Every structure is written in C-alpha cells, then in structure tokens.
Amino acid sequence: MDPPNPFRYRPVCSEPGCEETAVYKVAAYWSDGSHHELKNYGLACPAHRDSRLDRARKNRDALKLGPGETVGDVRLFVLDPSRRDTEQESVADAPAPTTPPPSGPTPDSP
Ligand SMILES: [Zn+2]
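Going left to right, the sequence shown walks through residues 52 to 161 as our numbering numbers them.
Okay, structure coming up:
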C-alpha cells in the first residue's frame, strides 16, 4: 500500500528520534589534494535541516585534518540518489525550494 517512491530505500533524517523522510544531505567538500569528494555529515528532513547543519559544522570544526587535506564549508545538498556525490546540487542557506525566481519581465520588453 506504499505510494510509489523514486528512492530504492527511504532516506531518513539523521536527527535522533526523527523518522521523517530526508530531503537534504549535509556534507562538505573534502580534498586531499589529488582526490575530492563530499564528506557526508548525515541527512536531514526540512524541519531539522538547520539543527543538522549546525551540528555538522561543529563536527567539521573538530575534525583533525591530515597533511594536504582540506574541507570546505558544510552545506545542504538536495538529496538526489540519481546524481553522484560530486554532482549534488548545493542549497543556499535561506531560500526554500518554493522561492519564486528573482527574474521578472525586462523593462524593455514590448
Ligand atoms: Zn528530522
């Protein structure tokens, strides 16, 4: 009786006790100079995106990096299993997906 789900498994929010479907991945770009990937800090539902992001940033700050390693800012990424990690779309901190596009009609349109 489950509705069709594009995910092979249901991604669940990483917040303890929360069983909402995750729609964000919390991650930071990691590199050792020759390889780069997304370092995963967990998944978040819309309600917990800010708290998970905050916790991930604290974890990232406590991370001890090896020689040549760099880690970028922790960001929210749209959870999309059809994309590879390095192709995940970053989400700006504030706007929700329902934000209308900022572009309007141009002044010189007929
Ligand atoms: Zn949650």
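Ideal Cβ positions, reconstructed from N, Cα and C, are used throughout, including at glycine. Since we're looking at a predicted model, the values are computed, not measured.
A88 beta carbon near ligand 1 (any heavy atom closer than 6 Å): In the sequence under discussion, the amino acid at residue 88 is Glu, which differs from the Ala named in the question. No; taking the cut-off as 6 Å, the Cβ of E88 has no heavy atom of ligand 1 nearer than that.
Could you please go through the chain and list the residues whose beta-carbon is closer than 7 Å to any non-hydrogen atom of ligand 1? C64, E66, C69, E71, A95, C96, A98 and H99
Using CA atoms only, rank isn't needed, just tell me which of L89, E70, T72 and C69 is closest to A78. L89
Can you tell me whether H99 is buried or exposed? The criterion is at least 16 other CB atoms within 10 Å of its CB, across all chains shown. buried
Going along the chain, which residues of its own chain have a beta-carbon closer than 8 Å to the beta-carbon of G117, five neighbours each way excluded? D83
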